[in-house]
Amino acid sequence: MPTADIVKTSICLATLLLQAACSSSPQGPNLKAGQWEISSRVEMSNMPFQIPPVTYSQCLTEDDFIPKPQETDSGTPCDISQSEVIGDTVTWTLTCSSPQGKSISKGSITYHGDSFAGRLTVQGPGMPNMTQIMQGRRTGACK
89 MPTADIVKTS ICLATLLLQA ACSSSPQGPN LKAGQWEISS RVEMSNMPFQ
139 IPPVTYSQCL TEDDFIPKPQ ETDSGTPCDI SQSEVIGDTV TWTLTCSSPQ
189 GKSISKGSIT YHGDSFAGRL TVQGPGMPNM TQIMQGRRTG ACK
């Protein structure tokens, strides 16, 4: 095979490999999109009493798979500043601003198709460290 043909073949193979690498999209977590019932309980250090558990409903999809804590529905501006998916586990950082200051939350959940389990740790000015333990289950199509 002449040198020019070897170079052409090598370029074609390199181009095909590059296209294959660029066209493969990263796989998301093992999540069935739909309406999810999310139960959470809060653990706080130095609390003489336990905060009652909370259950709420939220639509989760392949593009929006991070459950939002209920306080984001109350008008407190919150932004997901960082997120990462490794296998079926999603980790993220949530930053919320309020008149009392900025709180930073770090979350991690692992999906199992139609259920998940995880936790969210919250730190903010003038508040004790708080951990939210979450469990979720898919209940049907998004409403």
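The sequence shown begins at 89 in this note's numbering and counts up one residue at a time. Glycine included, C-beta positions come from ideal geometry on N, C-alpha and C.
**Request:** Report all residues from its chain with a CB closer than 8 Å to the CB of residue 210; omit the five preceding and five following residues, and keep chain order.
**Result:** The count along the sequence shown starts at 1 and reaches residue 210 at position 122. Excluding its 5 nearest sequence neighbours in each direction, residue 210 has C-beta neighbours in its own chain below 8 Å: 191, 192, 193, 217, 218, 219 and 220, listed in chain order.
**Message:** Can you tell me which residues form a DSSP beta bridge with residue 196?
**Reply:** Mapped onto the sequence shown, residue 196 falls at position 108. As computed with DSSP, residue 196 is found in a beta bridge with 179 and 207.
**Message:** Just to confirm before moving on: does the CB-CB distance between residue 175 and residue 213 stay below 7 Å?
**Reply:** Sequence index remark: in the sequence shown, residue 175 carries index 87 (1-based). Sequence index remark: in the sequence shown, residue 213 carries index 125 (1-based). Taking C-beta atoms as the reference points, residue 175 and residue 213 fail to come closer than 7 Å.
**Asked** Applying the criterion that 16 or more other CB atoms from any shown protein chain within 10 Å of the CB defines a buried residue, is residue 136 buried or exposed?
**Response** As a first step, residue 136 must be located in the sequence shown, where it is residue number 48. Exposed, since its Cβ has fewer than 16 Cβ neighbours within 10 Å.
**Request:** Have a look at residue 224 and residue 187 and give me their C-alpha separation to the nearest angstrom.
**Result:** For the purposes of this step, residue 224 is identified with residue 136 of the sequence shown, where counting begins at 1. For the purposes of this step, residue 187 is identified with residue 99 of the sequence shown, where counting begins at 1. Those two C-alpha atoms are separated by around 31 Å.
**Request:** Note down the Cα distance separating residue 177 from residue 197, rounded to an integer number of angstroms.
**Result:** Taking the sequence shown and counting its residues from 1, one reaches residue 177 at position 89. Taking the sequence shown and counting its residues from 1, one reaches residue 197 at position 109. If you take the alpha carbons of residue 177 and residue 197, they lie about 6 Å apart.
**Message:** In the DSSP assignment, the beta strand (DSSP E) including residue 150 goes from what residue to what residue?
**Reply:** Residue numbering aside, residue 150 sits at position 62 when the sequence shown is read from its first letter. In the DSSP annotation of this structure, residue 150 is not part of any beta strand (DSSP E), being labelled neither H nor E.
**Item:** Three-state secondary structure assigned by DSSP to residue 213
**Value:** Looking up residue 213 in the sequence shown gives position 125. Of the three classes helix, strand and coil, the one that applies to residue 213 here is coil, per DSSP.
**Message:** Just to confirm before moving on: does the CB-CB distance between residue 201 and residue 120 stay below 7 Å?
**Reply:** Locating residue 201 in the sequence shown gives position 113, where the first residue counts as 1. Locating residue 120 in the sequence shown gives position 32, where the first residue counts as 1. Yes, the Cβ-Cβ distance between residue 201 and residue 120 is below 7 Å.
**Prompt:** Are residue 165 and residue 185 close, meaning C-beta to C-beta below 7 Å?
**Reply:** The residue you call residue 165 lines up with position 77 of the sequence shown. The residue you call residue 185 lines up with position 97 of the sequence shown. Yes, these two residues count as a Cβ contact at 7 Å.
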